[in-house]
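Numbers 109 to 1051, taken from this note's numbering, label the letters of the sequence shown in order. Even glycine gets a Cβ: it sits at the ideal position worked out from N, Cα and C.
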Amino acid sequence: MRTNAIKTIVNTILVVLLAIPVYAVNEYTGVVQFDQNAYKGSRQNWSVSIADNGLVYFANHSGLLCFDGTNWTLNKLPNNTIVRSVKAVADSLIYTGGYMELGYWKSTPTGELVYTSLNEKAREYLEETNNLEFWNIAERDDYVYFQSFNKILTYHNDSVYPLHLDGGISVMNQVGDRILVSVRDNGIWEVENDNVKRVIFDDHLIGTTVKFMIQAEDENLLIGTADRGIFLWDGTTLTQWNDEWTSYFVENELNRACRTNSGNIIIGSLVDGIVEFDRYGNLLAKVNSRNGLPNNTVLGIYCDERENTWLALDIGIGFISGNQNKSFVVKKLRGAGAVYSTAIFENKLYLGTNQGLFEASLDLNNDEIKLVPGTQDQIWDLKVIDDELLIGHNQGSFALKNGVRREVSLEGGAFNFIEDPFNPDLLLQSTYNRIIVYNKTNEGIERRNHIEDFGNLIRYIEFDHLGNIWASHMHRGIYKIQVNDARTKALNFEYFGEETFGKDHSIHVFKIEKRIVFTTGEKLYTYDDLTDAITPYDTLNASLGKYASANRIIPAPNNYYWFIQASSIGLFSIVQTNVQLIKEFPTSLFKDPLLVEGFENILPVNEYTGILCLQNGVAFLDASISDSTTNLMSNYTPAVRSIELQTNSGRSVYLPLNTKNAEIKNTLNNLHFRFSFPMLNEFPVSYKYFLEGLNLEWSESTDNPEFNFERLPRGNYNLHVKAVDIWGHESQIYNFSFEVRPSLLATKLAIFFYMFILIGALLLFRRWGVNQTRKKEQLQHEKRERELIRLRNEKLRDEVRFKSKELANSTMAIIRKNEFLLDLKNIVRKQKEELGSRYPDKYFNYLNNKIDENISSRDDRQIFENNFERAHEQFFQKMKSKYPELTSSDLQLCAYLRMNLSSKEIAPLLGISIRGVENHRYKLRKKLNLQPEDSLTDIMLSV
């Protein structure tokens, strides 16, 4: 926490340039404040302790606060009471005490703190004294001591019991491996297990209250009192320590103290923050609300292994970096405005701001500034030339010497003074409208003229080795101006813009090693006088890396150059082709106050140091210093604070933080990791991750230490996480290997089962295929058979149709023949009746017999039966089989009925009358045992 860096920078500035005595420096930067919005607790913090794993614990009015370097967590007591004291004795065991409450917290495997109250074990002693509050906790050899002002309770072997001391207790401190207790007016006592012994008794401690006891040099003790200052105990006597500060200690009510690993003593007070002394009592720093603390009342103090100091304050929490070797120091100058230019002149620091010219002290402990009368309004440029401070002002140009300001030009918007390398007695200046020429005289500079035939809004101007003036427009491109030797007239000028640079805005001109260089914010260009052309400066661009995109180049002595680009400021040594980066300063270092965007500027002091312009302040840069904490990054690894597995429906499962080679169910394939990194200094860190198995490269840096991976497919993964500080230094890499298991349906057993099923399915499929083939062949065979049957049936049907046709034809022929014969018989009979005896009986009977013989011809019957059998196979056989009592005439009638002939049609065939047919039908029905509703024809058709 010492301010060596400030001393180094200021000493360099003062000794190198001014050769004046070094000022006493008490100013300190590197303070970080945390308010309630940051840690989400109450404003009051009573005590602080740090575990070996770097977690910082605060006894807060609302509970136990835990800070892991990135995230804050508030852990409330079950009874929501206040926490007054905290002691971290292990990474996962933290004791706390408060109002009528004592107990401990243990970390679960998943990283959560779980509280166990000891009140039940201490109930007897809590009830003895009302309103006990435990202000300090100490631990040694498995004994834990809780100190109130009335008594000390010991926790050992799972029991709580009192430690017997006579008198009220002022304070208990753990000093190295000793536990010391101050008893009012009864000296200092040492506690060892269940025993106490007095180790100091001195009149200096009678009638006062001891506030702290800490280790001093050579096993000595420093004992702080409320109203008598600090005493040194050398083992035998008490003597006043740092007596010149005693009145300060009493006035500001010292309260707490700690000793750093390097031996420095830090004293916290109730009124004025902290003061730091070296081991000999020399003041190193004073830190209070004026230079960064949120509050001056220090209630708890702790120095970590990296020399950082943590403060539990009445309002908020303070962190003071232990970085003893800083390469930059920020000096805030409230009310100055945006600083555009600075100059060191007549042992003072001058600031050219948007509000005027201010005079400030080079003593960093003095932040007062004073406006130089008559300089209100925008200041663009400050230059010290020939023992005068030249001021480029919005209303003109002025010169300052011995506190007296004089006007040298009324040309408005005076930007940039440069000396004419070809005319040592001349100065040139760019302005809003034209270029002004000044003479150097014994009385100071005087305006001589402006360059005619050229006028424009010019910000920067440079001479090349040929005498040309290169002028960069405030907003547009570049002009090359040829002027006469007298610097009175522009002979010619040429504009370069988009055709040359690919853009026509934000282009500026500077000079590196006497060579004209143009910045574009993307890459550098240069003027090649051999080709009279502007070309990319490829060799320098390649050597500069990201600084090729600089928008401002400022020369320092001895071939050193400051490059300012969007994310960083770098100091380079450039000698011909040898380009070396000396040091870089990330612009994110300067957040409070910020850089002046678009008008960044540095005043080089020597080749390594410079003064950076900020808004309401300046920063002193020293590139010769290597920041001592930057190499610490490689000693630490990001710590995982939470591993959460989540289902798609939102159900969460937390893994133990020490899990290795985790096997994760496929239903929990949404992973959420939270990390932290120890707070090494006042600068935040960012994080990068690389999920091997999903990503191909490292992620971009992020301030958020939480990483989510959703719906990860099954497979093996390895998560790599590293922290990166503001300088780009990287930590060790945290690794976490895990496997997202396949679903139950995709396990090896399941796959074996699937293979078994697949093989079985293939065999069944093959069998099915064979059966299908057989069925197909069978179907084809049956199809062919059916086709044969169909063809055969068709043939049979054709034959039946043919036979039926023949039967019908023959039957019709018989019917017609018989009808004719019957008609003929009737005619013969009528003739006989008419002729009587004249028609001899002999002839009538012969003719009538012949007719009857032909009507009942056996040949006709045989033809009919043959044709009928052909058309209706086995009909007669079926009928005879079914109805054996049927006669031939019955069968003949049955055949006619099957042919669906009417009685009228049947009569001729049988040679009887229609009535005779009906009678025959009736007799047939009786023989067939038919009911009245039965159809005789249908019966015949069904046979």
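Distance between residue j and residue i (C-alpha atoms, nearest Å)
i, j, result
"N188", "L472", "45 Å"
"G108", "Y388", "Past the boundaries of the shown model lies residue 108; the chain is included only from 109 to 1051, so the question cannot be answered."
"V130", "N714", "Low confidence applies to V130: its pLDDT is 27, below 50, so where it sits in the model is not reliable enough to give any reading."
"A451", "V395", "28 Å"
"R1033", "D931", "30 Å"
"E705", "K699", "12 Å"
"A246", "E818", "46 Å"
"L261", "F254", "5 Å"
"I751", "S215", "15 Å"
"E298", "L329", "13 Å"
"R306", "G295", "7 Å"
"I373", "N244", "20 Å"
"T695", "L703", "8 Å"
"K184", "L201", "16 Å"
"Q1039", "N901", "35 Å"
"T647", "A656", "10 Å"
"E630", "E606", "13 Å"
"K548", "E554", "7 Å"
"T178", "R822", "32 Å"
"A770", "R882", "55 Å"
"T539", "L711", "21 Å"
"H264", "A420", "28 Å"
"N1037", "L887", "46 Å"
"Q688", "F671", "12 Å"
6 Å CB neighbourhood of residue i in its chain, flanking five on each side removed
i, result
"L313", "none"
"K619", "E570"
"R336", "T316"
"G162", "P786"
"V268", "L226, K229, A230, L261"
"A167", "W154, S155, V191, R192, S193, V194"
"D160", "D199"
"E508", "The sequence as given places Leu at residue 508; Glu does not occur at that position. Around L508: L497."
"D572", "I624"
"A747", "S784"
"T643", "D636"
Proximity of residue i and residue j at Cβ, strictly below 7 Å
i, j, result
"R749", "D380", "no"
"V832", "S809", "yes"
"R53", "V545", "No statement about residue 53 is possible, as the shown extent of the chain runs from 109 to 1051 and does not include it."
"E847", "N824", "yes"
"S675", "E692", "no"
"I499", "Y448", "no"
"Y203", "V252", "yes"
"A446", "Q723", "yes"
"E496", "G552", "yes"
"P813", "Y842", "no"
"V323", "G284", "In the sequence as displayed, the identity of residue 323 is Gln instead of Val. Taking 7 Å as the Cβ cut-off, Q323 and G284 qualify as a contacting pair."
"N826", "S845", "yes"
"L457", "L465", "no"
"V1025", "S1011", "yes"
"D730", "T717", "yes"
Contact belief for residue i with residue j at Cβ below 8 Å, rounded distance in angstroms
i, j, result
"A468", "H501", "Contact flag wrong, Cβ pair sits at about 18 Å."
"A444", "T461", "5 Å"
"I425", "F142", "4 Å"
"L340", "W349", "4 Å"
"V617", "I586", "6 Å"
"N649", "L632", "6 Å"
"F357", "I382", "That pair is no contact at about 12 Å."
"K611", "T628", "6 Å"
"F436", "L173", "Between L173 and F436 the Cβ distance is about 31 Å, and since that is not below 8 Å, they are no contact."
Close-in-space but distant-in-sequence residues of the same chain around residue i (CB under 8 Å, 5 per side omitted)
i, result
"K597", "I559, E560, D561, V591"
"T218", "S750, I751, Y762, L763, P764, L765"
Sequence-distant residues of its chain with Cβ nearer than 7 Å to residue i (five each side left out)
i, result
"N557", "V545, T596"
"F320", "V279, N281, G332, R364, A365"
Practice prompt. Could you tell me whether the region 189-197 touches the region 219-227, where touching means 3 or more Cβ pairs closer than 8 Å?
Written response: no
Worksheet item: Between the region 600-609 and the region 656-665, do three or more beta carbon pairs fall short of 8 Å?
Response: no
Worksheet entry | Touching by the beta-carbon criterion (3+ pairs, under 8 Å), the region 232-242 and the region 151-167 | no
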